[in-house]
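Asker:
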Amino acid sequence: MTGPIISPSILSADFAALGEEVRAVSEAGADWIHLDVMDGHFVPNITFGPAVVKALRPHTAKHFDVHLMIAPADAYLAAFAEAGADTISVHVEAGPHIHRSLQTIRSLGKRAGIALNPGTPASAIEPLLDMVDLVLVMTVNPGFGGQSFIPSTLETIARIATLTKGRGIDIEVDGGITTETVGLAARAGANAFVAGNAVFKGGPAGYAERIAAIRQGAIQHGAMGSGAGGAVSC
Ligand code: DX5
Ligand code: ZN
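Going by numbering that gives the first Met the number 0, the sequence shown opens with residue 0, and the numbers climb by one from there.
(1) Would you check whether ligand 1 has a heavy atom nearer than 7 Å to the C-beta of residue 215?
(2) Between residue 191 and residue 208, how many whole angstroms is the CB-CB distance? I'm expecting something under 8 Å.
(3) Run through the DSSP bridge pairs and tell me what residue 114 is partnered with.
(4) Looking only at its own chain, which residues have a Cβ that is under 7 Å from the Cβ of residue 221, when we skip the five neighbours before and after it?
(5) Could you check if residue 100 belongs to the surroundings of ligand 2, using beta carbon to heavy atom distance under 7 Å?
(6) Please identify the residue among 142, 103 and 61 whose C-alpha is closest to the C-alpha of residue 27.
(7) Can you tell me where the beta strand (DSSP E) holding residue 248 begins and where it ends?
(8) Decide yes or no for the touch test of the stretch 109-125 against the stretch 87-99: beta carbon pairs closer than 8 Å, at least 3 of them.
(9) Once you ignore the five residues that flank residue 206 on each side, which residues in its own chain have a CB closer than 7 Å to its CB?
(10) So, helix, strand or coil for residue 220, using DSSP?
(11) Relative to the C-alpha of residue 17, which candidate in 143, 85 and 54 has its C-alpha closest?
(12) Any idea what DSSP makes of residue 122, helix, strand or coil?
(13) Measuring only the C-alpha atoms, how far is residue 283 from residue 19?
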């Protein structure tokens with residue numbers, strides 16, 4: 000795949016109909032499906048675990064982009080891999096042995112992602128770049144959908160784009176991505192775009208149109224799909 004990767008976050012979907020929602024965004028043009036796992040400890044919200052990821056797996060062939068906002072993560076990595084995750088991202092802030100977590104994800108045969116919060120400098124992930132296929136830059140504080148994009152994260156995206164240049168690593172942004180902010184993130188160097196509210200708010204009739212509009216916003220501002228993710232995603 001070339002071009003931007005659009006990864007709708009089901010955090011903003013109808014939780015009473017998640018299978019249908021995953022099917023609907025898949026048919027509406029989503030490249031990946033973003034699954035936000037929260038533990039009420041690392042972040043102040045609770046969502047779902049590997050059983051739900053497993054239950055959703057038969058509903059689409061799309062790449063499952065699993066974002067773990069849990070600490071510790073290590074004890075659950077195998078369960079998410081078995082449930083059908085394709086990329087598993089863990090937070091650099093989630094514990095002292097993040098390098099081991101990334102090793103484990105790769106040893107499970109999955110793509111490894113490293114996520115960082117808006118208050119964490121790009122340099123925090125520099126020693127880990129040989130271990131990752133994706134860097135997930137949080138553009139809001141993690142925990143909830145529907146928040147506003149934090150502009151200072153653009154600098155972090157740009158620094159990570161420099162650090163990862165030519166290494167085939169996807170740069171994904173997550174939080175407050177809209178048809179406006181997607182362009183800012185793309186220009187800074189992101190090639191994968193998580194969108195919750197901007198896709199799901201308004202219901203299924205608008206999914207295709209809203210995904211296309213986000214994609215168009217990214218293309219206009221230069222998202223080239225320069226990472227490695229597209230090659231294995233579909
Ligand atoms: C926030 C999650 C995001 C969230 C984004 O902690 O990681 O994936 O669903 O939602 P929007 O796009 O509505 O900001
Ligand atoms: Zn997320």
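Glycine included, C-beta positions come from ideal geometry on N, C-alpha and C.
Answerer: Once the coordinates are examined:
(1) no
(2) The Cβ separation is near 20 Å, so there is no contact.
(3) 90 and 135
(4) 185 and 186
(5) no
(6) 61
(7) A query on residue 248 cannot be resolved here, the shown segment of the chain reaching from 0 to 233 and no further.
(8) yes
(9) 23, 24, 27 and 198
(10) coil
(11) 54
(12) helix
(13) Since the first and last residues shown for the chain are 0 and 233, residue 283 lies out of range.
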